[in-house]
Every structure is written in structure tokens, then in C-alpha cells.
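First comes the structure, then the notes that go with it.
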Amino acid sequence: MVRVWGSHNVDVTLNRTADGRLAINLVNTSGPHADENVYVYDEVPPVGPLYVSVRVGNRKPSRVTLEPYGRELPYIWEDECVKIVLPRLELHDIIVID
Numbered sequence: 550m551v552r553v554w555g556s557h558n559v560d561v562t563l564n565r566t567a568d569g570r571l572a573i574n575l576v577n578t579s580g581p582h583a584d585e586n587v588y589v590y591d592e593v594p595p596v597g598p599l600y601v602s603v604r605v606g607n608r609k610p611s612r613v614t615l616e617p618y619g620r621e622l623p624y625i626w627e628d629e630c631v632k633i634v635l636p637r638l639e640l641h642d643i644i645v646i647d
């Protein structure tokens, strides 16, 4: 139902909010996690751009926002999918589709 490409260092979770909107949680997992000698992470390098495609059915969304910022995102709606380009993911963002 959701596809993300642009980095393999992103965990993706798709769910619905209490009011029925789709929410795509994107978590940046880049960094030296596999290094047993690293106990503290001073920085997690950002990733992006990320390309996100979500099948939403035959209803065009009224808007797409990036949370927690409340910033409206431009999107393309074609073949029952919403397509979004997220230029940069720092740590954790949520794309909400109304």
C-alpha cells in the first residue's frame, strides 16, 4: 500500500488516525548502529530526497500535510495513488493524507 524509495535507512509505518486519515511515519535509521564500539550518537545524518507512493483508492485527497509542522505538501494523484517527494528527513516525520 505504501512504497518509499530514496534511502534504505528509513523505517516506514502506515496507520490510520482516530479520525480516519492515513498517517505515514518515516523514521531515519541511518548512522553507525551496527558498530558495537559506538554507545552514543552525536548526530544522525539526514536522508533524502525520499519518494513516497501511497495507494488511497478512487478518492482524491483534499490535502497532504507534513507533521508535526502542519506544512502542506504538494502531491500528484494518479492511478489511485498519492505521490510525494520529501526533500529531506532529519529524524521522524509524519505524512498525513486527508
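In the numbering used here, the protein residues as written are 550 to 647.
Glycine included, C-beta positions come from ideal geometry on N, C-alpha and C.
With 16 other CB atoms within 10 Å as the buried threshold, where does Y624 fall?
For the purposes of this step, residue 624 is taken as residue 75 along the sequence shown, with counting starting at 1. Under this definition Y624 is a buried residue.
I need the straight-line Cα distance from W626 to K632, nearest angstrom please.
As a position in the sequence shown, residue 626 is number 77, starting the count at 1. As a position in the sequence shown, residue 632 is number 83, starting the count at 1. Looking at the two C-alpha atoms, the distance is approximately 6 Å.
Identity of the residues DSSP links to S611 by a beta bridge
In the sequence shown, the residue the question calls residue 611 occupies position 62. DSSP lists no partner for S611.
Whole angstroms is fine: what's the gap from L563's alpha carbon to E585's?
Here residue 563 is taken as the residue at index 14 of the sequence shown, counted from 1. Here residue 585 is taken as the residue at index 36 of the sequence shown, counted from 1. Going by the C-alpha atoms only, they are around 31 Å apart.
Quick one, are the C-beta atoms of L575 and V593 less than 7 Å apart?
Taking the sequence shown and counting its residues from 1, the one referred to as residue 575 is at position 26. Taking the sequence shown and counting its residues from 1, the one referred to as residue 593 is at position 44. Between L575 and V593, the C-beta gap is not smaller than 7 Å, which leaves the two residues out of contact.
L635, buried or exposed, once every other Cβ within 10 Å from all chains shown has been counted against 16
Position 86 of the sequence shown, counting from 1, holds the residue named residue 635. Buried is the call here.
Work out the CA separation of P595 and G580 for me, nearest whole Å.
Here residue 580 refers to the residue found at position 31 of the sequence shown. Here residue 595 refers to the residue found at position 46 of the sequence shown. Computed Cα separation, rounded: 9 Å.
For N586, does the three-state DSSP call read helix, strand or coil?
In the sequence shown, counting from the first residue as 1, residue 586 sits at position 37. Here N586 sits in coil by DSSP.
Rounded C-alpha distance that separates V589 from A567
Sequence index remark: in the sequence shown, residue 589 carries index 40 (1-based). Sequence index remark: in the sequence shown, residue 567 carries index 18 (1-based). Cα-Cα distance, rounded: 35 Å.
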